[in-house]
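This report refers to the structure that appears directly beneath it.
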Amino acid sequence: QIVSHGVTHRFLTYHEKESNQEIQQSKRYLEKKINQPILIFCYPEGKNNLTIQKFCEKAGYLFSLSIKN
């Protein structure tokens, strides 16, 4: 299974204005490249918040993953 991780690997919580577009672009790019749906997003460095989680849901991801440092 291929998962999305963002286009530029930036901390999405530090760049919320651009994060919605970053999350959507990553999904579209990968889906076009492999011709399969991308259902999972993995937060860069595990950093996320409710806003970023909502962006992932809006983009159409079924799951999003984080890590605990």
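Residue numbers for the sequence shown follow the numbering used here, so the first one is -18 and each next one is one higher.
Idealized CB from N, CA, C, for every residue including glycine.
- Pairing Ile33 with Tyr24 gives a Cβ-Cβ distance under 8 angstroms.
- Ranking Leu11, Lys8, Phe(-8) by CA distance to the CA of Glu26 puts Phe(-8) first.
- Judged by DSSP in its simplified three-state form, Leu46 adopts strand.
- The alpha-carbon of Leu46 is positioned some 6 angstroms away from that of Phe22.
- Beta-bridge pairing by DSSP links Cys23 to Leu46.
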